[in-house]
Every structure is written in C-alpha cells, then in structure tokens.
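Reading through the structure tokens given below for one structure.
There are 2 protein chains.
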Amino acid sequence: MAAALELFSKRDAEDVSIDDVAAAAGASRALVYHYFGGKQELYVAALRSAADRLESRLRPHEGGTSLDELASGLRRYFDFVEEHATGFAALLRGGPANRAGEVGEIVDGVRQRLFRLILRQMRVEEPSPVLRTTLRSWIASVETAGLDWLEHRDVERPTLEKMLVDHMVALLGVAASYDGEVAGLLERLA
Amino acid sequence: MAAALELFSKRDAEDVSIDDVAAAAGASRALVYHYFGGKQELYVAALRSAADRLESRLRPHEGGTSLDELASGLRRYFDFVEEHATGFAALLRGGPANRAGEVGEIVDGVRQRLFRLILRQMRVEEPSPVLRTTLRSWIASVETAGLDWLEHRDVERPTLEKMLVDHMVALLGVAASYDGEVAGLLERLA
C-alpha cells in the first residue's frame, strides 16, 4: 500500500502499472491483483490511505490560539501537498479516475472532515448558514491555492500559508458583518 | 441541442436517455445518434454550449465601476447556476462523466475565461503571482458558494452575491499587504 501510494503521489496514475507497484513493493503481480483486484481498486485504496494520513496530520496539536492552530494546520497541509504533488494535482484537476463514485466520495470526505475539524477548533457546534458558506469557500480557496502553487511555485510557501490565514480572518470579518454570531466568534479567535 | 441542454440542466445525466432528448427535440432517436454519436458526446456538446452561454452572459456591460460590474456579473452567474441547478451541481461534484478529458477541459476552460474576464475588467495585463492566486482562490470560492447555496438555499441570493463581492474586496485587501501592485489596483477599483 505504501509503495502504491508513493507511486501514485509522484506520477500520473495513467503511468503507474500494477507491475510498477509490484516491483516497488517487492511482491508479485499476482499478489497485488489478489489483494486489490485491479488498478482502479488499487488507486482508490491508495487514495483512501492518503486521505487518512492527511486527516491524522491535520488533527490539531494542543496549545496556541485557533489562528495559531490554523497556521500550523496549513503548514502540515502544504507539506502533504508537496509530498504528494503529482497525485494531488491530478486528483483535483479531475484525475485519471472517474470523479463520480468512490473517488469523488473520498475527495468530498476530506473536505467534510476539514470543515468539521475547523468548526471543532473554533468551538462551534452548529454553524450558521453564513459561517458554513464562508468556511466551505475558504477550504475551496485553499485547495485552489495549493494547485496554483504546484503549477507555478512563484510564491514562497510560508508567504502563501500566511496569506491564507489572513484570508480566513478577512472572510470571517466579512461574515461578521452579515451574522452577529460570527462577530462573537471572531472576538474569541483573536 | 437546446433540448439536450434543458434536460441535462434539470436532471442527473444518468437519468437522461437519448430517447428523452429525441422526444424533447421532436426528432428521431436515429437523428440524435446521427448528429451526436452517443450520450457522452451529446453531454459534452450540451456542456460546451452551456459554457458558451455562461461566458456570453458574463461579458461585462459597459458603465459602472469594476465592483459594480463584479456585482452584476455575480448576479448573472447565479441566474445561470439557478437555471441549470441539477446539471451544475452534478458537474462540479464530479458528475456522471469522467472529469478527465473533454469534460474537465470545459470546466477548466470556464474558470480560465472567468479569470481573464476579471483581469480585463480590472485592467490588469499580467497578474502578479499574489494577484493570480487571489483571483483563482476567489473563483473557486464562488463556485463552492454556488454549490452550497444549491444544497441549502438558506441564505438569500442577493445577500450571498453581496457577500461574495465583499469577499473579493477583503481578499484584495489581504493581497495588497503582500504586493504593492495590488494595493494600487485596489485604489483604482474603489
């Protein structure tokens, strides 16, 4: 599994064969087929494993304000983006696999878990519509900034990470002018 | 084509058959096959036509500041989202079709054209890395806000549109603190 994840992270999935995975894992082609069934299944399994790893990395470390946690969470997110560069880009650009079905669910699952992590970190039980829209928008913009960064790498990563934290603060500032609850939240965060 | 677009806009593509399209267009099944080849081809053609329509709607009307234009552009964007609700949601969630290949290119093409429209409206020739990342992030967040709105419809559309304009201003404000050129741009926009 680790070997497959490594290969799918570094190369386009089209260019990874079962033979490559078998060779990297020091296993036979038959064994890989036996365990995973086929390349699409192997890709989905690798993706699921990558999603779990990302989630466990993003779990907040204790200490610091919510914004400190957000900053260090973004750093760990971009570590992940950088380590899995090709796979991340291919996946979010549509990828080799059908986005409907399992692959789409894994990607949406990561977004959902990120959303809940942020809510928990902000100590919000049930977000208002304005807060929900704001956080989902921010998550989408982080993903896109990640893709843009992989494509161009013409902004320093620490600068980009800092800018995205500033985005969150600015977007919450906008949300606060539409929703009194968010205004209270923003005071707690500072 | 109009009949196909109408059907794909209102229903999941899985639930649209060539027979449905033929019936809606008052044509024979054979004729639809003759012109489009198959359902996937028909879907791609409908999508391309929808993308062209969206683009022509978003072309700025003259007059007003850039922010006025952005506000009216967002209104036209959400008109489109609302008219093509099911198709829009299915497409951006991964959709029935493989996102790689033609469908992915059409979706990316719309994003690219939106990006260039906004640059032209802002009278920017070549965006700096910070401005590029900011605009792409904003476009992604508008898309996500559109999906979120279709799912929940618990924020009034005019409120959401106004909030997204405020997002743009707030994000450009952040960008300006990283990039002197954006600061100049922001003064011109106000």
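Each protein sequence line maps, in turn, to chains R and L.
Just so we're aligned: 74 in the numbering used here is position 74 of the first sequence, and the numbers increase by one with no gaps anywhere.
Numbers given in the numbering used here equal positions in the second sequence, counted from 1, plus 1000.
Backbone N, C-alpha and C define an ideal beta-carbon position, used for all residues, glycine too.
All figures in this text were calculated on a predicted structure; none of them were measured in a lab.
- The residues Ile1118, Gln1121, Val1165 and Met1168, in chain order, have a CB closer than 8 Å to that of Leu1070/L in the same chain once the five nearest residues on each side in sequence are set aside.
- For Ser137/R, at least one C-beta of chain L is nearer than 8 Å to its own C-beta.
- Residue-level contact check: Tyr1077/L does not touch chain R, since none of the beta carbons of chain R fall below 8 Å from its beta carbon.
- With a cutoff of 8 Å on beta-carbon distance, Gly1104/L and Arg93/R are scored as near each other.
- Neighbours of Asp1154/L in chain R, taken as residues at a C-beta separation under 8 Å, are given in chain order as Pro129.
- With fewer than 16 other Cβ atoms inside 10 Å of its own Cβ, Leu31/R counts as exposed.
- Interface residue (Cβ-Cβ distance to chain L less than 8 Å): Met122/R is not classified as such.
- Annotation: Leu47/R to Thr133/R spans about 27 Å, alpha carbon to alpha carbon.
- Taking a contact as a CB-CB distance under 8 Å, the pair Ala1140/L and Glu143/R counts as one, their CB atoms being some 7 Å apart.
- When Cβ-Cβ separations below 8 Å define contact, Thr133/R makes contact with chain L.
- Cβ contact annotation for Val16/R (same chain, cutoff 7 Å, sequence separation greater than five): Leu7 and Phe8, in chain order.
- Within the stretch 1120-1163 of chain L, the complete alpha helix (DSSP H) segments of 4 residues or longer fall at 1129-1152, listed in chain order.
- No residue range can be given for Thr65/R, since it is assigned to no alpha helix (DSSP H) and is classified by DSSP as neither H nor E.
- The CB of Tyr178/R comes closer than 7 Å to the CB of Thr1159 and Met1163 in chain L, given here in chain order.
- Contacts with chain L at 8 Å (Cβ-Cβ) include Ala170/R.
- When secondary structure is reduced to three states using DSSP, Tyr178/R falls in the coil class, being assigned neither helix nor strand.
- A Cβ of chain R is located within less than 8 Å of the beta carbon of Val1174/L.
- It is roughly 11 Å from the alpha-carbon of Glu181/R to the alpha-carbon of Arg188/R.
- Residue nearest to Glu14/R within the set Tyr33/R, Glu82/R and Leu91/R is Leu91/R (criterion: CA-CA distance).
- For the stretch 50-80 of chain R, the set of residues with a beta-carbon nearer than 9 Å to any beta-carbon of chain L is empty.
- About 6 Å separates the beta carbons of Met1163/L and Tyr178/R, which is inside the 8 Å limit, making them a contact pair.
- By the Cβ-count criterion, His84/R is buried, with 16 or more other Cβ atoms from all chains shown falling within 10 Å of its own Cβ.
- Using a Cβ distance threshold of 8 Å, Ala1175/L and Leu1131/L count as a contacting pair.
- Any Cβ of chain R closer than 8 Å to the Cβ of Gly1184/L would place that residue at the interface, and such an atom is absent.
- Of the residues Gln1040/L, Glu1126/L and Gly1173/L, the one whose Cα lies closest to the Cα of Trp1138/L is Gly1173/L.
- Distance check between Val124/R and each of Arg53/R, Leu185/R, Ala25/R and Leu5/R places Leu185/R closest, using alpha-carbon atoms only.
- Contact annotation: in the stretch 1019-1049 of chain L, no residue has its CB less than 8 Å from a CB in chain R.
- With contacts defined by Cβ atoms closer than 8 Å, Ala1170/L and Leu171/R form a contacting pair.
- For Pro127/R, the closest C-alpha among the options Ala183/R, Arg53/R and Ala50/R is that of Ala183/R.
- Not a single C-beta of chain L is nearer than 8 Å to the C-beta of Arg11/R.
- Comparing C-alpha distances from Asp52/R to each of Val155/R, Met1/R, Ala145/R and Pro129/R shows the shortest one belongs to Met1/R.
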